[in-house]
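Everything below concerns the one structure shown next.
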Amino acid sequence: MAKIGVIGLGSMGYPIAEHILEGENELYVTFHADKNPAQSLVSKGAVLCSSPKEIAGFCEIILLVLPDSPQVEEVLFSDQGIAAVQPKNITVIDMSTIDLVKSQEFALRAASLGITYLDAPISGGPQGAKDASLSIMVGGDKEAFLASQAILKTLGKTVVHCGKNGMGLAAKMANNLIAATQMAVISEAVTLAVKAGVNPEVLFEILSNSTADSRILRAKIPLYLSDDYNPRFKLSLMCKDLDIITSAAKRLGTPAIVGSAVEQVFRICKDSHGDEDSSAVSKFYQHYGSVTFRSPDE
Numbered sequence: 002m003a004k005i006g007v008i009g010l011g012s013m014g015y016p017i018a019e020h021i022l023e024g025e026n027e028l029y030v031t032f033h034a035d036k037n038p039a040q041s042l043v044s045k046g047a048v049l050c051s052s053p054k055e056i057a058g059f060c061e062i063i064l065l066v067l068p069d070s071p072q073v074e075e076v077l078f079s080d081q082g083i084a085a086v087q088p089k090n091i092t093v094i095d096m097s098t099i100d101l102v103k104s105q106e107f108a109l110r111a112a113s114l115g116i117t118y119l120d121a122p123i124s125g126g127p128q129g130a131k132d133a134s135l136s137i138m139v140g141g142d143k144e145a146f147l148a149s150q151a152i153l154k155t156l157g158k159t160v161v162h163c164g165k166n167g168m169g170l171a172a173k174m175a176n177n178l179i180a181a182t183q184m185a186v187i188s189e190a191v192t193l194a195v196k197a198g199v200n201p202e203v204l205f206e207i208l209s210n211s212t213a214d215s216r217i218l219r220a221k222i223p224l225y226l227s228d229d230y231n232p233r234f235k236l237s238l239m240c241k242d243l244d245i246i247t248s249a250a251k252r253l254g255t256p257a258i259v260g261s262a263v264e265q266v267f268r269i270c271k272d273s274h275g276d277e278d279s280s281a282v283s284k285f286y287q288h289y290g291s292v293t294f295r296s297p298d299e
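Yeah, the sequence shown ends on 299 if you go by the working numbering, and it's all consecutive.
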């Protein structure tokens, strides 16, 4: 029975922690602001700890599912962080989507303190986390990846070693750029057709059975038609990811013509719709096109 810590019990981290428990592992958790998810897991058999440092005293594997680089850095290197434990024999699997360069810096800093750090960002959203059908892209030491692979396969259907530290995040950047671009361009195209007079329900039926079909389109159709923008993956988080992507493109010297345009659209939407689902980028187009994607039958 493995002793595994999970830090970050939000919409992705909580179901991930549940699957760790279902695998008959010993689960160790802590909390930052909201104690309820941790207490819920304790009622199912998890052990509640006061800090990441305390979790590190019990566990050899710790999963991080956190919003951004500052939170990861605090959990790793603060006075009550993972690295404060002596001696160390810990593998940290960071499933957060954070800045590529920062992640590589964390890996080097962790290694100097005797901690193995893998970047392992995830794709599939909260539903994928609940269904254990995530795609998990891993960067870092190959032996550490192989040693952790069995645990990761209980969380995702696709688990791939992408190369050295940071390469999991590089793959995730490509994924999120494509996903965000599709949401923006679907919104732009649908606004055009609806403004011209096409029934949105008819249009979505056509698009989902034509060359425009995509996984993103099929996932978002029911949300558009029912005007449902409850957050699965918040628009503010997609905005954060797009900033990471365009910044990485500048550092690497690769074109970011489309990415920069898409980032601007999401940034415009952030103040009004940041806490809604990322598909709420469509509201920008609906507003300025004076149209609605809602089904006429709704």
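Glycine included, C-beta positions come from ideal geometry on N, C-alpha and C.
Since we're looking at a predicted model, the values are computed, not measured.
Local conformation of residue i per DSSP, three classes
i, result
"ILE99", "coil"
"CYS60", "coil"
"GLU27", "strand"
"LEU10", "coil"
"HIS274", "helix"
"PHE73", "In the sequence as displayed, the identity of residue 73 is Val instead of Phe. Three-state DSSP puts VAL73 in a helix."
"LEU67", "coil"
"LYS4", "strand"
"GLY48", "The question names Gly, but residue 48 in the sequence shown is Val. VAL48: strand per DSSP, three-state reduction."
"LYS54", "helix"
"LYS235", "strand"
"GLY254", "coil"
"ALA148", "helix"
"HIS33", "coil"
"SER296", "coil"
"GLY290", "helix"
"PRO88", "coil"
"GLN40", "helix"
"ASP80", "coil"
"VAL266", "helix"
"GLY260", "helix"
"VAL282", "helix"
Reference residue i, options the options, closest by Cα
i, options, result
"GLY6", "GLN287, ASN37, SER51", "SER51"
"GLU55", "ILE217, ASP214, SER283, LEU28", "LEU28"
"LYS173", "ASP242, THR117, SER209", "ASP242"
"GLY290", "GLU189, ARG216, ASP276, ASN231", "GLU189"
"GLY140", "ALA133, SER134, GLN150, ASN26", "GLN150"
"GLN183", "LEU109, ASP214, LYS196, ILE245", "ASP214"
"LEU193", "GLY82, ALA85, THR293, SER41", "THR293"
"ILE94", "ALA145, PRO88, GLU75, GLN87", "ALA145"
"LYS4", "LEU119, GLU19, GLU61", "GLU61"
"VAL266", "PHE285, ASP278, ASP276", "PHE285"
"PHE59", "VAL86, PRO297, ARG219", "VAL86"
"LEU49", "ILE8, LEU77, LYS89, GLY24", "ILE8"
Inter-residue CB distance, residue i and residue j (contact presumed, cutoff 8 Å)
i, j, result
"LEU300", "ALA39", "This structure does not reach residue 300, given that the chain is present from 2 up to 299, and the question cannot be answered."
"ILE217", "ALA257", "The Cβ separation is near 20 Å, so there is no contact."
"VAL191", "PRO201", "7 Å"
"HIS274", "ALA281", "4 Å"
"THR92", "LEU119", "7 Å"
Min CB distance residue i to chain B below 9 Å
i, result
"ALA39", "The structure shown contains no chain B, having only a single protein chain."
Any non-hydrogen atom of the ligand SAM within 8 Å of residue i CB
i, result
"GLY24", "With respect to small molecules bound, the structure shown includes none, and the ligand SAM cannot be examined in it."
Segment contact flag, the segment 11-23 with the segment 64-73, C-beta cutoff 8 Å, min 3 pairs: yes
Ordered list of alpha helix (DSSP H) runs contained in the segment 206-233, each at least 4 residues: 216-227
Length-filtered (4 minimum) alpha helix (DSSP H) runs lying within the segment 90-146: 101-113, 126-132
Meets three-Cβ-pair contact criterion under 8 Å: the segment 198-209 and the segment 230-247: no
The segment 164-174 in contact with the segment 221-234 per 3-pair CB rule at 8 Å: no
The segment 125-134 / the segment 88-98 touching (three or more Cβ pairs under 8 Å): no
Stretch-stretch touch, CB-based, cutoff 8 Å, three pairs: the segment 151-164 with the segment 253-263: no
Sequence ranges, beta strand (DSSP E) only - wholly within the segment 151-189, length at least 3: 157-164
The segment 245-253 / the segment 208-219 touching (three or more Cβ pairs under 8 Å): no
The segment 106-116 / the segment 127-137 touching (three or more Cβ pairs under 8 Å): no
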